[in-house]
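Visitor:
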Amino acid sequence: MLRAALLAVCLLAVAPAAAQDDSDLSRIPGAVENAPPASASPPTHGKYFVEDALGVFSYRGTFAVAYPYGVPSRWANRTSFDMLDQWKLATDLTATFSDRLSATFADGVQFPDDVLRNDPREAYLTWEPLPQAYLEAGRINVRNGVAFGYNPTDFFRTRTTVSQSSADPGALRENRLGTMMVRAERIFDGGTIDVVYAPKLHTPAPLGAPANPLDPKFDQTNGADRFLAAFSFELEEFSPQLLVYHDSGRTKFGLNASHPIGNSIIAYLTWAGGVAPNEIADAIAFGKRTATLPASIPVLPPTSTARAFRNDVSAGAYWTGEDKITVSLEYNYHQAGFSKRDWRNWFAVGADPASASELWFIRGYASDQQDPMSQHQAFARVDWSEPFQIEHFDVNGFVMTSLEDGSCLAQFAAGYDISDAWSVGAYVGGSTGGRSSEWGSLRNAASATIQLVRYF
Amino acid sequence: MRNPLVGLGLAALIFGAGAWGQSLSAQDILAGMDKVRNPGQAFRLNNALTEYIRGEARNRVTLVVYARENKQTHQFDNVVRYIDPPRDSGKMVLMNGSNMWFYDPSSKASVRISPQQRLMGQASDGDVVTANLNKDYTARLVGEEKLLDADRQNRDTWHLDLKAATDEAVYSRVEFWIEKGTFRPVKGKFYSDSGRLLKIAYYHKFEEQLGGIRPTETIIIDAVDENLVTTMDNSDMRAQEIPDSWFQRDFLPRLKAD
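Top to bottom, those sequences are chains A and B. If you want my numbering, it's the 1-based position in the first sequence plus 278. If you want my numbering, it's the 1-based position in the second sequence plus 27.
1) List the residues of chain A whose Cβ lies closer than 9 Å to the Cβ of B/N126, in chain order.
2) Could you work out which residues of chain A lie near B/T77, taking near to mean beta carbons separated by less than 7 Å?
3) Mind checking the segment 60-73 of chain B against chain A and listing, in chain order, the residues whose C-beta falls within less than 7 Å of any C-beta there?
4) Would you list, in sequence order, the uninterrupted beta strand (DSSP E) runs of no fewer than 3 residues that lie entirely inside the segment 511-599 of chain A?
5) Residues of the segment 538-555 of chain A with a CB closer than 9 Å to any CB of chain B: list them in chain order, please.
6) Which residues, taken in chain order from the segment 618-638 of chain A, show a beta carbon closer than 8 Å to some beta carbon of chain B?
7) Compare the C-alpha of B/S134 against each of A/G448, A/E414 and A/S351 and name the closest.
8) Comparing the C-beta of B/D154 with each C-beta of chain A, is any distance below 8 Å?
9) Answer yes or no: does any C-beta atom of chain A fall closer than 8 Å to that of B/K98?
10) From A/D392 to A/S376, what does the alpha carbon distance come to, in whole angstroms?
11) Buried or exposed: B/H231, going by 16 or more other Cβ atoms within 10 Å of its Cβ?
12) So with Cβ pairs under 8 Å, would you call A/Q729 a contact of chain B?
13) Quick check for students: name the residue ranges of the beta strand (DSSP E) that lie wholly in the segment 133-182 of chain B, counting only runs of 3 or more.
14) Listed from N- to C-terminal order along the chain, which residues in the segment 685-701 of chain A have their beta-carbon within a distance smaller than 8 Å of any beta-carbon of chain B?
15) Output, in chain order, the set of chain D residues within a Cβ distance shorter than 8 Å of A/A309.
16) With 9 Å as the limit, tell me which residues of the segment 456-486 of chain A have their beta carbon closer than that to any beta carbon of chain B; keep them in chain order.
17) DSSP three-state label for B/I205, please.
18) For a minimum of 4 consecutive residues, which ranges assigned as the alpha helix (DSSP H) are wholly contained in the segment 460-500 of chain A?
19) So, A/A688 versus A/S336, is the Cβ gap smaller than 8 Å?
20) In the segment 389-410 of chain A, which residues sit with their C-beta less than 9 Å from some C-beta in chain B, listed in chain order?
21) For the segment 352-384 of chain A, which segments carrying the beta strand (DSSP E) assignment without a break, of at least 3 residues, lie completely within its bounds, in sequence order?
22) Measuring only between beta-carbons, confirm whether A/N419 sits less than 8 Å from chain B.
23) For a cutoff of 8 Å on Cβ pairs, would you count B/D163 as touching chain A?
24) Whose Cβ in chain A lies nearer than 8 Å to the Cβ of B/V256?
25) As an exercise, report each continuous beta strand (DSSP E) stretch of at least 3 residues that is fully enclosed by the segment 238-272 of chain B, in chain order.
26) Return the CA-CA distance between A/I539 and A/G501, expressed in angstroms with no decimal places.
27) To which residues of the same chain is A/L394 closer than 6 Å at the C-beta, ignoring the five residues directly before and after it?
28) Under 8 Å between C-beta atoms, does B/L175 make it to chain A?
29) Quick one: give me the first and last residue of the beta strand (DSSP E) that B/Y109 is part of.
30) Residues in the same chain with beta-carbon distance under 6 Å from B/D178, minus the five sequence neighbours each way, listed in chain order, please.
31) So is A/V334 buried or exposed if we call it buried at 16+ other beta carbons inside 10 Å?
32) Short check: CB of A/A415 to CB of A/Y402, under 8 Å?
33) Is it buried or exposed, B/R276, if we count other Cβ atoms within 10 angstroms and call 16 or more buried?
34) Select from the segment 645-668 of chain A all residues with a C-beta closer than 8 Å to any C-beta belonging to chain B, and list them in chain order.
35) Looking at the structure shown, is A/A632 part of a helix, part of a strand, or coil, going by DSSP?
36) Going by DSSP, name the residue or residues bridged to A/N674.
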């Protein structure tokens, strides 16, 4: 009896039921039926666009350490032509070129030197003599590291900044100069070996040195002989990468790893370490080497100039929710950076205006190296794709906080894709903190920029 | 034939008899549908996504998808390359189990993405890639139902309820209506982890592709944003030898446009 009942239930379960609710069919637009068939072979192409960005800036008027430079323009308009393309020259030979040509107008700028700037980001040839074996030569942007706020293993980041609208560290990495190098890479099943040699082609340019608009800036990117070897492999979904980097007699070691946690979180760690002086001693030595600072100048603020093994760490995680919100939190440790005591000394020594140039030089040097100024820093970022179901609209914001004094650099950005060809964006940013804090001591207080982009 | 269940599904497909369906398990039916959707060899295809907002075509995204069944997991590994729109040209996505990366040629950076990030976008990366659902989901036969397809033709279908069985499953729950006899997918409903209905898909325009009759268009109705419908059109599906080394993050910058 029980068996018969079960059989009946089973038969009922598979018997044809009433038709499903098909009301969702009415939502299919008639235009779908009339749509042209998809292209059989879509043509591939590079990325070409023109971008115009108009920004206004506000500045602080009083400083704990006097600014040795004049007040810059309170507005600027930059128009850039940007391109990235690749051409197949032969079966196993390709050429890549990436460039940004900008014209910036603002109060007090002189044409053409202050107005025009060409940034040849990449120009290189790739030869694949064997499957998945590559030899490359030219200006190449090699980027390593899995972090967002500070990437200590991104060894070729130094002196590569290109003019742009966003202060986001991610945007800085997206748009920067490559380095002249030869590179060999072998990708095999389960791993990759990468070897890079970047030769010294020029004596290093001093910080802020005026450049001809068409200067390729090899004196920034190739001021020293550098060597990098990297090995990536798969290990329990950690995707580790081990690196060895050598620059001007200093060797650094590095590690990158990331791992998914559950369905929504990616955790990551990046570490670099090597024997080096601290940021102050390094900056002053560079200033003397490039004759920006007199050879006899004392190291200020007072610090040890001894070399020691120093660590750099970025550890963080990002979480993505069902509402297309991604939240990233990251901690940055830069052992060579300023401790609380270094900051106290910096502001104390800076009370004497005669020392101001040297003190600001140190901060300019750290910025040029894309190093954090403080030893401890936190980076938080939120990305929200299509908030409130507004299609093609994205907002994001980040806050970089000095854990030495609580001062912050923050930016809010919004972008809207008007069509396949046009995008508009806005950036509002600023820094907060007391006059004697990392970010509050800077001249730039706030900025607002609107940007229009036309893609081709 | 590695999997006897797939063999059963294929047999049912060949003989096309409703009587076979009575003896098939839900998992057999799902495996049969996988065979209709996915070729049994490595391949590449073009994928054109057209977005309709309030009935008007607004944006079009063109992708090339390279897929190959992983010999160990029997799941498909995928590499997706963006061709259009121009702002996204050259971007790539790698999906190799739960090892997923996004590459942007502008930054030369590969960023790891979480399973949840596969669901970003109306037709997400999780939708455009090829997957053997039979490997990722546990299926339950809800019943047999008559259903209108996208051409408003009546179809006799099996109604399956799928629950994610692995971390690699894109959605935590999916409902499928599969035509009896042919194993063709007619309709699908896709749910988030919290049980919210995200999308409704209709499978459309069945044509010969790489040795099988497969749906070449998927119409995706957004269940959250009622103004939004996206069509996903596959074309130029071709067999292609794809080595293992393609399915790792360091290969993404090396993938040449074909």
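C-beta atoms are modelled at their ideal positions from N, C-alpha and C, and glycine is treated no differently.
Guide: The structure says:
1) Against the second sequence, residue 126 of chain B aligns to sequence position 99. Those within 9 Å of B/N126 in chain A are E512, E515, S517 and P538.
2) The residue given as residue 77 of chain B occupies position 50 in the second sequence. Here the neighbours are A313.
3) N73
4) 519-525, 528-539, 543-554 and 586-598
5) P538, I539, G540, N541, S542, I543, I544 and Y546
6) none
7) Your numbering for residue 134 of chain B matches position 107 in the second sequence. That would be A/G448, whose Cα lies nearest to the Cα of B/S134.
8) Here residue 154 of chain B corresponds to residue number 127 of the second sequence, with the count starting at 1. Not an interface residue.
9) Within the second sequence, the letter at position 71 stands for residue 98 of chain B. B/K98 does not count as touching chain A.
10) Within the first sequence, numbered from 1, the residue matching residue 392 of chain A stands at position 114. Within the first sequence, numbered from 1, the residue matching residue 376 of chain A stands at position 98. Rounded to the nearest angstrom, the two C-alpha atoms are 22 Å apart.
11) The residue given as residue 231 of chain B occupies position 204 in the second sequence. B/H231 is buried by the Cβ-count criterion.
12) Counted from its first residue, the first sequence places residue 729 of chain A at position 451. Cβ-Cβ to chain B under 8 Å: no for A/Q729.
13) 136-139 and 164-175
14) D695, S697, D698, A699 and S701
15) The structure shown has no chain D; the protein chains it does contain are A and B.
16) G456, E463, I465, F466, D467, G468, G469, T470 and D472
17) Your numbering for residue 205 of chain B matches position 178 in the second sequence. Note: B/I205 maps to strand in three-state DSSP.
18) 496-499
19) Counted from its first residue, the first sequence places residue 688 of chain A at position 410. Counted from its first residue, the first sequence places residue 336 of chain A at position 58. No; because the gap between Cβ atoms is not below 8 Å, this pair is not in contact.
20) E400, T404, E406, P409 and Q410
21) 353-368 and 371-384
22) Here residue 419 of chain A refers to the residue found at position 141 when the first sequence is read from its first residue. Closer than 8 Å: yes.
23) Residue numbering aside, residue 163 of chain B sits at position 136 when the second sequence is read from its first letter. No, no contact with chain A.
24) The residue given as residue 256 of chain B occupies position 229 in the second sequence. Simply R305, I306, P307 and V310.
25) 239-249 and 255-266
26) Position 261 of the first sequence, counted from the first residue, corresponds to residue 539 of chain A. Position 223 of the first sequence, counted from the first residue, corresponds to residue 501 of chain A. Cα to Cα, A/I539 sits roughly 42 Å from A/G501.
27) In the first sequence, residue 394 of chain A corresponds to position 116, counting from 1. If we look at A/L394 and ignore the five residues flanking it on each side, its Cβ neighbours are A381 and P491.
28) As a first step, residue 175 of chain B must be located in the second sequence, where it is residue number 148. True, the Cβ-Cβ gap to chain A drops below 8 Å.
29) Stepping through the second sequence from its first residue, residue 109 of chain B is reached at position 82. Unbroken beta strand (DSSP E) run through B/Y109: F103 to D111.
30) Counting from 1 along the second sequence, the entry for residue 178 of chain B is found at position 151. Cβ neighbours of B/D178 beyond the five flanking positions: none.
31) For the purposes of this step, residue 334 of chain A is taken as the residue at position 56 of the first sequence. A/V334 should be labelled exposed.
32) Locating residue 415 of chain A in the first sequence gives position 137, counting from the first residue. Locating residue 402 of chain A in the first sequence gives position 124, counting from the first residue. Yes, the pair counts as a contact, with Cβ atoms nearer than the cut-off.
33) Sequence index remark: in the second sequence, residue 276 of chain B carries index 249 (1-based). That one is buried.
34) S663 and Q667
35) The residue labelled residue 632 of chain A in the question sits at position 354 within the first sequence. Helix at A/A632.
36) Residue 674 of chain A sits at position 396 when you count from the first residue of the first sequence. A/N674 pairs with A/D661 and A/A691.
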